[in-house]
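Number of protein chains: 2
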Amino acid sequence: MISTNELDFIKSRLPFWEHMTELQIRNLETNISKVTYHKGYNLHNSDHECLGVLFVKSGELRVYILSEDGREITLYRLLEGDICIMSASCILNSIHFDVHIDAECETEAFLLNISYFGKLCDQNVYAENFAYKSTVERFSDIMQAMEQILFLSFDKRLATFLLEEIDKNHSNEIHLTQEQIAKYIGSAREVVSRTLKIFQNRGMVTQSRGIIHVTDREQLEDLLL
Amino acid sequence: MISTNELDFIKSRLPFWEHMTELQIRNLETNISKVTYHKGYNLHNSDHECLGVLFVKSGELRVYILSEDGREITLYRLLEGDICIMSASCILNSIHFDVHIDAECETEAFLLNISYFGKLCDQNVYAENFAYKSTVERFSDIMQAMEQILFLSFDKRLATFLLEEIDKNHSNEIHLTQEQIAKYIGSAREVVSRTLKIFQNRGMVTQSRGIIHVTDREQLEDLLL
Numbered sequence: 029m030i031s032t033n034e035l036d037f038i039k040s041r042l043p044f045w046e047h048m049t050e051l052q053i054r055n056l057e058t059n060i061s062k063v064t065y066h067k068g069y070n071l072h073n074s075d076h077e078c079l080g081v082l083f084v085k086s087g088e089l090r091v092y093i094l095s096e097d098g099r100e101i102t103l104y105r106l107l108e109g110d111i112c113i114m115s116a117s118c119i120l121n122s123i124h125f126d127v128h129i130d131a132e133c134e135t136e137a138f139l140l141n142i143s144y145f146g147k148l149c150d151q152n153v154y155a156e157n158f159a160y161k162s163t164v165e166r167f168s169d170i171m172q173a174m175e176q177i178l179f180l181s182f183d184k185r186l187a188t189f190l191l192e193e194i195d196k197n198h199s200n201e202i203h204l205t206q207e208q209i210a211k212y213i214g215s216a217r218e219v220v221s222r223t224l225k226i227f228q229n230r231g232m233v234t235q236s237r238g239i240i241h242v243t244d245r246e247q248l249e250d251l252l253l
Numbered sequence: 029m030i031s032t033n034e035l036d037f038i039k040s041r042l043p044f045w046e047h048m049t050e051l052q053i054r055n056l057e058t059n060i061s062k063v064t065y066h067k068g069y070n071l072h073n074s075d076h077e078c079l080g081v082l083f084v085k086s087g088e089l090r091v092y093i094l095s096e097d098g099r100e101i102t103l104y105r106l107l108e109g110d111i112c113i114m115s116a117s118c119i120l121n122s123i124h125f126d127v128h129i130d131a132e133c134e135t136e137a138f139l140l141n142i143s144y145f146g147k148l149c150d151q152n153v154y155a156e157n158f159a160y161k162s163t164v165e166r167f168s169d170i171m172q173a174m175e176q177i178l179f180l181s182f183d184k185r186l187a188t189f190l191l192e193e194i195d196k197n198h199s200n201e202i203h204l205t206q207e208q209i210a211k212y213i214g215s216a217r218e219v220v221s222r223t224l225k226i227f228q229n230r231g232m233v234t235q236s237r238g239i240i241h242v243t244d245r246e247q248l249e250d251l252l253l
């Protein structure tokens, strides 16, 4: 059973709460569980059954697509407070593609199980509407990721990524390997390595074992003009 | 004013009809107009105001994204009976990207104007749900187009396109220029030209002024294995 505080957290993330019946709310409480995923755990792919809706409490989930030869393209990442709807995509009849979801670090979440959520969406148009609306919100993220991949030259993509990371971390240090960065922005390690070397020669970054220091933010921003 | 037959056509495409009030239905009838777009007409882009929801009666609309340097990536095409929701995307608060919509040939449609549809979605959760659901349906098309662009080798993409065209046309002839094909599948004319020449040398297609004849369907299909 989850605590009152935890239930409040979930309530704050479900805008259709006031449109739920007392029975639906009571059943919700008994269909929520706490889950913890270890770093690297693959919690959703094309073979898995659908889990349900995840409410991220701490950590990070990464949603990506995978080609037959194993190339990964990151669509978006989910952080504390975010809701993962693609892990419930089997109840969205109009979704006909497969995504993969990995925990990028130790991640705690609340899981609203799929059989409850499926029934709720059948019974309550506000819940169904929430599911589709949440999907469309991610749709915009995905389109932006795709546009970057298709249209931006690689140095701009890497500069955008580095700037987003230091903003997110509130620090000029980025603790990611070239391999990880390549995965995040849908490229190859060699291309990341080559471009980082160019950035380093221009004095924008320095690199030491697994850490990238952004030393000249303005120059990176100038790349995006 | 539109005829009873025409209203039936629209009704058949709105699954939430039974959840509309009499007033909403009466207002719908006075907020629908018939529109005709000439071939090549750009009916939606990032500068335009939102038009509203379009119900395609005949012809073809193409939805695409455009890069700063003018490259086009086709997301999907809409044919007779299809509904265009992206021309009403301004009422979907969670859509933050711009698409362009062109008429690919003379196209007739019914237009449900945006101010009526916006109000309807505010008042009627079933209408709002329909709007988001229709968007998510297209989302799947878009993901498939993107996956093809990102992951498939070009000969497979071209073979897939040619096979879809002959199925759609119920004919082995495709009346499209190499330039048009390049636009549809997000490539360059030169790449299309080169690959078609390879297909021709292998006896899969023949080409004459603006027409491609598929002469060996099975060989094209074998490319996709």
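Chains A and B supply the protein sequences, listed in that same order.
All residue numbers for the first sequence refer to my numbering, where the first residue is 29 and numbers rise by one.
All residue numbers for the second sequence refer to my numbering, where the first residue is 29 and numbers rise by one.
The beta carbon of each residue, even a glycine, is placed where N, CA and C say it ideally should be.
Please return the same chain residues whose Cβ sits closer than 8 Å to the Cβ of Leu-103 (chain B), not counting the five positions on each side in sequence.
Val-91, Tyr-92, Ile-93, Val-127, Arg-166, Asp-169, Ile-170 and Ala-173
Hey, quick one: how far does the alpha helix (DSSP H) through Leu-248 (chain A) stretch, first residue to last?
245 to 251
Excluding the five sequence neighbours on either side, which residues of its own chain have a C-beta within less than 8 Å of the C-beta of Asn-157 (chain B), listed in chain order?
Phe-44
Sub-8 Å separation of Ile-202 (chain A) and Leu-191 (chain A) beta-carbons:
The answer is no: Cβ separation not under 8 Å.
So, using beta-carbon positions, are Leu-89 (chain A) and Thr-135 (chain A) closer together than 8 Å?
yes
Since Asn-141 (chain B) contacts Gly-87 (chain B) with CB under 8 Å, what's their CB separation in whole angstroms?
Actually they are not in contact, since the Cβ atoms of Asn-141 (chain B) and Gly-87 (chain B) sit about 20 Å apart, beyond 8 Å.
So which residues on chain B does Val-153 (chain A) lean against when the C-beta distance must stay under 8 Å?
Val-153, Tyr-154 and Asn-157
Which chain B residues sit within Cβ distance under 7 Å of Ile-101 (chain A)?
Listed along chain B are Leu-178, each with a C-beta nearer than 7 Å to that of Ile-101 (chain A).
In the segment 61 to 93 of chain A, which residues sit with their C-beta less than 7 Å from some C-beta in chain B, listed in chain order?
Ile-93
In the DSSP assignment, the alpha helix (DSSP H) including Val-153 (chain B) goes from what residue to what residue?
153 to 179
Is DSSP giving Ile-60 (chain A) helix, strand or coil here?
The answer is strand: DSSP assigns Ile-60 (chain A) an E or B state.
May I ask you to list the residues that DSSP assigns as paired with Gln-235 (chain A)?
A:Ile-240
Across which residues does DSSP place Glu-4 (chain B) in a beta bridge pair?
Missing from the structure shown is residue 4 (chain B); chain B here goes from 29 to 253 and no further.
Rounded to whole angstroms, how far is the Cβ of Met-232 (chain B) from the Cβ of Leu-253 (chain B), which I believe are closer than 8 Å?
About 14 Å separates the two Cβ atoms, so there is no contact after all.
Does the beta carbon of Val-233 (chain A) come closer than 8 Å to any beta carbon on chain B?
no
Would Thr-32 (chain A) be called buried (16 or more neighbouring beta carbons within 10 Å of its own) or exposed?
Thr-32 (chain A) should be labelled exposed.
Is any beta-carbon of chain A found at less than 8 Å from that of Val-164 (chain B)?
yes
Which same chain residues, not among the five before or five after Gly-109 (chain B), have their C-beta less than 6 Å away from its C-beta?
none
Residues near Glu-100 (chain A) by beta carbon distance below 6 Å, same chain, minus five either side
Tyr-92, Leu-94 and Lys-211
Could you please give me the residues that DSSP links to Tyr-92 (chain B) through a beta bridge?
B:Thr-102 and B:His-128
Assign His-198 (chain A) to buried or exposed, taking buried as 16 or more other Cβ atoms, counted over all protein chains shown, within 10 Å of its Cβ.
exposed
Tell me whether Cys-112 (chain B) sits in a helix, a strand or coil according to DSSP, three-state version.
strand
Per DSSP, Phe-145 (chain A) is paired with what?
According to DSSP, which records beta bridges pairwise, Phe-145 (chain A) is partnered with nothing at all.
What does the alpha-carbon distance come out to for the pair Leu-71 (chain B) and Cys-112 (chain B)?
11 Å
With which residues is Ser-86 (chain B) paired in a DSSP beta bridge?
B:Glu-136
Would you report the Cα separation of Ser-115 (chain A) and Ile-53 (chain A), rounded to the nearest angstrom?
Computed Cα separation, rounded: 21 Å.
Exposed or buried, which one is Met-48 (chain A) when buried takes at least 16 other CB atoms within 10 Å?
The residue is buried, with at least 16 neighbouring Cβ atoms inside 10 Å.
Which value, in whole angstroms, describes the spacing of the CA atoms of Gly-214 (chain A) and Phe-182 (chain A)?
10 Å
In the DSSP assignment, what are the bridge partners of Gly-80 (chain A)?
A:Asn-141
Reduced DSSP secondary structure (H/G/I, E/B, other) of Asn-55 (chain A)
helix
Relative to the C-alpha of Arg-217 (chain B), which candidate in B:Leu-186, B:Ile-30 and B:Asp-244 has its C-alpha closest?
Checked all of B:Leu-186, B:Ile-30 and B:Asp-244; the closest Cα to Arg-217 (chain B) is B:Leu-186.
On a Cα-Cα basis, can you pick out the residue from A:Cys-78, A:Ala-159 and A:Glu-34 that is closest to Ser-61 (chain A)?
A:Glu-34
Mind checking whether Phe-138 (chain A) and Lys-225 (chain A) have CB atoms under 8 Å apart?
no
Reference Asn-200 (chain B); option with closest CA among B:Ile-30, B:Lys-184 and B:Glu-246
B:Glu-246
Identify the continuous beta strand (DSSP E) that holds Asn-70 (chain B) and give its terminal residues.
70 to 72
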